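Residues 242 to 370 in my numbering are what the sequence shown spells out, letter by letter. Heads up: the structure comes next, in structure tokens.
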Amino acid sequence: MSTSSKPLLEPEYQTAPTIEPSMGATYDSVPPKRSLAIWVNRVEVPRKAHSTALSQTEQVFYKEIIAKLVVRRKHLGISQEELCSTLGVSEGLVNKWESGVKLPGCFWLMCWCISLGLKLTIEPKDSAE
Numbered sequence: 242m243s244t245s246s247k248p249l250l251e252p253e254y255q256t257a258p259t260i261e262p263s264m265g266a267t268y269d270s271v272p273p274k275r276s277l278a279i280w281v282n283r284v285e286v287p288r289k290a291h292s293t294a295l296s297q298t299e300q301v302f303y304k305e306i307i308a309k310l311v312v313r314r315k316h317l318g319i320s321q322e323e324l325c326s327t328l329g330v331s332e333g334l335v336n337k338w339e340s341g342v343k344l345p346g347c348f349w350l351m352c353w354c355i356s357l358g359l360k361l362t363i364e365p366k367d368s369a370e
């Protein structure tokens, strides 16, 4: 009977990523690619296309809310720059929100409302619902 220090089953390939200090994760000689994909067990899996286009209903929803926020901001005499400073966002972001170039996420919408002394209320579309 031979006593070998070699294990009975040797893995042919290590698939776990290794972390190197200044290089990030490496996947055992697989060159990193700049693509919209993720790596699962050394196989590149393309990410699903994600559409950021808003439906007509979503566009109307944002326009109505933002229009009310603009009226409130002007009523309080607050400039866009002051609101940016209050919210702690980059200069000009409120302008982009108000003009529709960018849209605020839920968190920023809530912060925007709070900074203007408002609150969002959810109500049924029709009184019959």
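Even for Gly, the Cβ is constructed at its ideal location relative to N, Cα and C. Only a predicted model underlies this, so the values are computations on that prediction, with no experimental measurement involved.
Residue range Gln321 to Leu328 is occupied by the alpha helix (DSSP H) that includes Thr327.
In this structure the region 353 to 360 lies against the region 304 to 319, because at least three pairs of beta carbons, one per stretch, are closer than 8 Å.
In the three-state reduction of the DSSP assignment, Ile306 falls in the helix class. Contact between Leu324 and Val342 does not hold, since their C-beta atoms are separated by about 16 Å, which reaches or exceeds 8 Å. Sixteen is the threshold: since fewer than 16 other Cβ atoms of the shown chains lie within 10 Å of the Cβ of Pro365, the residue is exposed.
Where Leu350 is concerned, the enclosing alpha helix (DSSP H) starts and stops at Cys347 to Ser356.
Spanning the alpha carbons of Pro345 and Trp338 requires a straight line of approximately 6 Å. Under the DSSP assignment, Leu344 falls outside any alpha helix (DSSP H); it carries neither an H nor an E label. Excluding its 5 nearest sequence neighbours in each direction, Glu322 has C-beta neighbours in its own chain below 7 Å: Glu332, listed in chain order.
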